[in-house]
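Below: one structure, written as structure tokens.
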Amino acid sequence: MNRLNESYRRTILSLSLALLMLGMSAAFALDAGESESLPEEQSPRDNHSPLHEPGAPLGSVYTNLTITQGYNHACMIQANHSLICWGSGGSGRLGHGSSTSSVTPVYANLPANETPVEIGAGWWHTCGLMESGKIYCWGNGGFGQMGNGQTQDNNYEMIQVSLPFGRTGKTIAVGEHHACTIADNDEVYCWGNNEQGAVGASGYQDAEATPVHVDLPGTLYAISIGAGNEHTCVAVNNGRAYCWGENWNGQLGYGGSEWASYQPRMVQIPGNRDVVSIAAGGWHSCAILDNGKVMCWGLDNWGQLGDGGSSEDQFTPVYVSMGSNTARAIVTGWDTSCMILDYGQTQCWGKNNKGEAGTGDTGVNEYTTPATVAGSHDFVSISMIDEGACAINSDAEVYCWGDNWYGQAGNGQTSTQEYSPVELDYSNNHAKMNDRDPDDDGILTIFDPSPYGCIAGTWINISTGDCAATDQGYYTDQPQMYYQIPCANGTYQPASGQTSCLLAPAGYYVDYEAAVEATPCPAGEYQPTEGQTSCLETIVGHYTTGGDANPIPCAPGSYQPASGQSECILADPGYHVDSSGSSTQSMCAPGGYSAGNGTADCTLAELGRFVAGTGATGSDACGVGTYADVEGLVACKDADAGHYVDTEGASEPTPCPTGQYQTTTGQTECMDTEVGHYTSDEGSANQRECDRGSFQSSTGASSCDTAEVGHFVDEMAASEQTPCTAGSYQNEPSSTYCKYASEGHHVPDAGSSSQTRCPVGTFSDTTGLVECHQASPGYTVIVEASTSQDACEIGTYQSDFGQTHCDDAEMGHYVPSEGAGAQTPCSMGTYQSRTGQSSCIDAEPGYFAGQEGMTNPDFCTAGTYQPNSGQSACDDAEMGHYVELSGKTEQTPCKQGNYQPSPGQTSCLEADAGHIVPESGASAQTPCEPGTYQDRTGEITCRLAAKNNYVDEAGSDSQKKCATGYSQPERGQSECLKDAAESSLPIIPIAGAVVVAAAVGFFMMNRGKSGGPPKGGASGGNMRRGPPQKGAKRRKKRPE
1 MNRLNESYRR TILSLSLALL MLGMSAAFAL DAGESESLPE EQSPRDNHSP
51 LHEPGAPLGS VYTNLTITQG YNHACMIQAN HSLICWGSGG SGRLGHGSST
101 SSVTPVYANL PANETPVEIG AGWWHTCGLM ESGKIYCWGN GGFGQMGNGQ
151 TQDNNYEMIQ VSLPFGRTGK TIAVGEHHAC TIADNDEVYC WGNNEQGAVG
201 ASGYQDAEAT PVHVDLPGTL YAISIGAGNE HTCVAVNNGR AYCWGENWNG
251 QLGYGGSEWA SYQPRMVQIP GNRDVVSIAA GGWHSCAILD NGKVMCWGLD
301 NWGQLGDGGS SEDQFTPVYV SMGSNTARAI VTGWDTSCMI LDYGQTQCWG
351 KNNKGEAGTG DTGVNEYTTP ATVAGSHDFV SISMIDEGAC AINSDAEVYC
401 WGDNWYGQAG NGQTSTQEYS PVELDYSNNH AKMNDRDPDD DGILTIFDPS
451 PYGCIAGTWI NISTGDCAAT DQGYYTDQPQ MYYQIPCANG TYQPASGQTS
501 CLLAPAGYYV DYEAAVEATP CPAGEYQPTE GQTSCLETIV GHYTTGGDAN
551 PIPCAPGSYQ PASGQSECIL ADPGYHVDSS GSSTQSMCAP GGYSAGNGTA
601 DCTLAELGRF VAGTGATGSD ACGVGTYADV EGLVACKDAD AGHYVDTEGA
651 SEPTPCPTGQ YQTTTGQTEC MDTEVGHYTS DEGSANQREC DRGSFQSSTG
701 ASSCDTAEVG HFVDEMAASE QTPCTAGSYQ NEPSSTYCKY ASEGHHVPDA
751 GSSSQTRCPV GTFSDTTGLV ECHQASPGYT VIVEASTSQD ACEIGTYQSD
801 FGQTHCDDAE MGHYVPSEGA GAQTPCSMGT YQSRTGQSSC IDAEPGYFAG
851 QEGMTNPDFC TAGTYQPNSG QSACDDAEMG HYVELSGKTE QTPCKQGNYQ
901 PSPGQTSCLE ADAGHIVPES GASAQTPCEP GTYQDRTGEI TCRLAAKNNY
951 VDEAGSDSQK KCATGYSQPE RGQSECLKDA AESSLPIIPI AGAVVVAAAV
1001 GFFMMNRGKS GGPPKGGASG GNMRRGPPQK GAKRRKKRPE
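Using full-length UniProt numbering, the letters of the sequence shown map in sequence onto residues 1 to 1040.
Laid out in structure tokens, this is it:
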């Protein structure tokens, strides 16, 4: 009763505080300013006064965390169920559809019809749990962090994680590049980076892009989860903790030093303590025990284990130095840890060079034991993953501290370190809250064995005020019930603490209330339906032995004509029952019998036996000539054709052996085959004719003989083979024909098994030859088995038959076409100096071939020449010409002053004195005419007779002086003139003057030719050089 009164007082107090907080909240909303990034919310603020203990620890199945801080961004679920984020927007991690960063909150774009209930941030990605149980992730997915099977780097829209079919999430934990969930079935699933095994999958792949089931030992299930840098930890239902992933610094806590383990390893927590909440950081881990104390393990280089120790790594848990304090929430960052104490104070330890401990002290880089966060903040929820933290106070207001390079502290600043908590710069700074004591018993859910009060299956014992489990035979189906309900007729409950009763199973019944067990139906009765209060009587053909859900049909071989029976009756001899559930037995039909009781199926007459009537108890043997090869015959079969039976009781006929046959049925023996026939198979009903290509000369044969090579058989049932005729052969046995000798071959003898190649010098251009053809003249055969003869090539010939080679045409001969039987001598005017030629060579100019078959041409002799080729003789040099040497292609004309009156000469004659030859190629000399003469030979002109001289005869070699008294003033005269009387002119003086004048002129002329003008020009060198013409360039003096 005192307990109830205390609960009543608490209820009144909570309602009063709720009214007060609602009023304060409304007043505060009136003064709130507008956000720079988001529009002002119009919904009133919820002060969470209905919540008994507002807040949430990390990764608990009982509550959901609505604040998170990642590597360089943060997010919060508002009281109005919207989601806001701030800080770096790289890869789309803020969820607002782009990579734009924001120092103040921006709305995330939620999927349609989804309401967020929990949020978690990693380094570059973010994940959210929705009210529907679906999980969405966004931001960087290069390690498979989206959980949808893809590894796309940038994801600006929220991507649904591909949980196994039918599974939903209870809570989530987000690590550096991976994420995990405790699902609705309390199983753990992880996805993302598994290089160190943090996802729990074998193989240590860098990307597990869809959720992987983590195998916890036995039937253990998770109640709390934390995801760190590259490891993950869970607290389980038996109070133990397990971790997996990277273990370089002992962060798995099991005492071993292997570098990593993808399989969960049990943390070495003291045996008398249970883990209720757990967190995984950069390279260390921490947990809250059932007594509120905190233990940590792993890397301790910044004092992040909080024990004030030696900074050495710890591979098993050590207690945090916290005095008498107890914790209700624990988080771990990169190298820092924080806890919320029971009385509302928050303490942090470890690295502080960026203010991540939140103490406000800028001069302390690390704390090896817990230090109090600055400010009078009653934080109820906290989140941390890297070098900063965000927390929610009891008024649902968000504060952040630590690294603020990207504005992740949310105060509108960047590139700063916040050493003490700063409030989120947002007018509607009001986070959604969870209740950590929903049953209002003063015990937080993580410590409460009954976190939700007297649940179904228990009842409030008024005398003690405690929750009591229902008794056997009773149940409660609602929480907070003050009495337990007895199980109704037809139901029972053998266990305590149950929420319902069990229906009496089929085959059982319950005929009273509050039964702890069901009663089996007696023999002869049954009950097919659950939850019944009585049983039914069995029908005919059936029975029951007790506790049966259905009547049992009588087995084959038995029957039951009455109802309500506990057993069946066996069938009599000669009878059978072939189906279950029968109420009668049947007589055995012909072909079968039954020799004893309880036969399900009559025994079929055995092989070699038969049963002719009904109701038989035995079988009879078959007679000779008959048999029974199957069971159950009513009569035996006659021996089949090709078979015989010579004994009684045969189960099969004997086949006739090979070489024998039998055409009639029901026989006791077989017959031998005839010649030309055979039987190769046992059991032949007929003999078979030997096929073409085979023969048989004996009786009783099991096969035919194949025609031998060189032979053939072209008819059926032959008793002998036929040899191949000459010109044909057969190289294969079993032939029905012979092959004609193919082209290039011949067969000289009958019965040949092969054809013979035509030897060289012979050929066969048709089939079936006995002998090969000899090669014709002008042709050869140089290979065996030739199908044709080869014509001698141009330049060769063959005059004989059957030859293997052609002869080259000899020198002086030629062969102009193929297939020649003889060579041809070169005609006159041609020759051939080489063998094997197809033509002769024309004698070259200057040469001649004067007869047939010449091997070389002859030179034209001196005095002859030949300008053309292919001539049989040379031409004599013509008159006026000569040929000095042999082998000449042209004659030479006599030069001027020479002549040749005869043909075929080797030189020319000089013109005689008194004669001239003025032209070349002359065949005669010309005498000088009167008045002229020539005193030398070989001249081309005659000389004029000088003055006072004459030449009176043609062909004169001299001139004559005029006689005294005669003269000739002209040259070239043939006679002199008689002198006239003396003249009055002084001839001698005049002549002398003329001679003197001529001499002077001659002297002057010779003087001018002997030398140039005097030095310096015609003026004697006195003239100066004039100026150069306009535009002329002066030549530079050549250097010495």
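Idealized CB from N, CA, C, for every residue including glycine.
Cβ atoms of residue j and residue i: under 8 Å apart, would you say?
i	j	result
T603	Y593	yes
G507	A555	no
I841	T855	no
G931	V917	no
Q493	Y474	yes
G308	T219	no
N154	S99	yes
I446	D437	no
Between the alpha carbons of residue i and residue j, how many angstroms are there, rounded?
i	j	result
R692	G761	40 Å
K351	G255	24 Å
F712	E682	28 Å
S872	M828	5 Å
V883	C908	10 Å
I278	D290	12 Å
C400	L424	7 Å
A18	A329	Model confidence at A18 stands at a pLDDT of 38, short of 50, so the residue's coordinates are unreliable; what they give is reported in the following sentence. If you take the alpha carbons of A18 and A329, they lie about 25 Å apart.
V320	Q251	15 Å
V275	A523	55 Å
D46	P451	Note that D46 scores a pLDDT of 42, beneath 50, so its modelled location is shaky; the value from the coordinates is reported in the next line. The alpha-carbon atoms of D46 and P451 are separated by roughly 24 Å.
S285	Y71	18 Å
T458	Q498	7 Å
V199	W334	19 Å
V234	E537	57 Å
D448	C501	27 Å
Among the options, whose alpha-carbon lies nearest the alpha-carbon of residue i?
i	options	result
P211	V188, K739, D153 and Y204	V188
Q160	K134, V364 and K961	K134
I385	G581, T68, L51 and P969	T68
D728	T699, Y899 and K739	Inspection of the sequence shows that residue 728 is occupied by Ser rather than by Asp. Ranking the options by Cα distance to S728, first place goes to K739.
N109	I84, A279 and E567	I84
C942	A963, V624 and G897	G897
S956	A327, R936 and G303	R936
Q472	Q478, Q484, P479 and D466	Q484
R240	Y262, S261, L216 and C190	L216
G402	D307, T699 and G410	G410
G965	P759, D979 and E793	D979
N185	A198, F165 and Q905	F165
E708	Y737, N686, A515 and C454	Y737
H81	Y62, L163 and A431	A431
T168	P505, C180 and E157	C180
T232	C704, T332 and I269	T332
T658	D672, E652 and T545	D672
Contact defined as beta carbons within less than 8 Å: I believe residue i pairs with residue j. What is the distance between those atoms, to the nearest angstrom?
i	j	result
Q866	T892	The pair is not a contact, with the Cβ atoms about 14 Å apart (cut-off 8 Å).
residue 1045	H178	The displayed coordinates of the chain run from 1 to 1040. Any statement about residue 1045 would go beyond what the structure contains.
A791	G812	Not confirmed; about 23 Å, so no contact.
G591	V634	5 Å
Q205	E230	Wrong, their Cβ atoms sit about 13 Å apart, outside the cutoff.
T706	P723	Not really, about 15 Å apart at Cβ, beyond 8 Å.
W283	N249	5 Å
E784	C758	6 Å
Quiz item: Is the segment 159 to 176 close to the segment 216 to 235, with three or more CB pairs under 8 Å?
Solution: Yes, the segment 159 to 176 touches the segment 216 to 235.
Quiz item: Touch check for the segment 333 to 347 and the segment 310 to 319: three-plus C-beta pairs under 8 Å?
Solution: Not touching, per the Cβ criterion.
Practice problem: Could you tell me whether the segment 606 to 617 touches the segment 625 to 642, where touching means 3 or more Cβ pairs closer than 8 Å? | Solution: Yes, the segment 606 to 617 is in contact with the segment 625 to 642.
Quiz item: Taking three-plus beta-carbon pairs below 8 Å as touching, is the segment 124 to 142 in contact with the segment 93 to 110?
Solution: Judged by Cβ distances under 8 Å, the segment 124 to 142 makes contact with the segment 93 to 110, as three or more pairs qualify.
Quiz prompt | Validate contact between the segment 353 to 365 and the segment 414 to 431 using beta carbons, cut 8 Å, 3 pairs | solution = By the Cβ criterion, the segment 353 to 365 is in contact with the segment 414 to 431, since at least three pairs of Cβ atoms, one from each stretch, lie closer than 8 Å.
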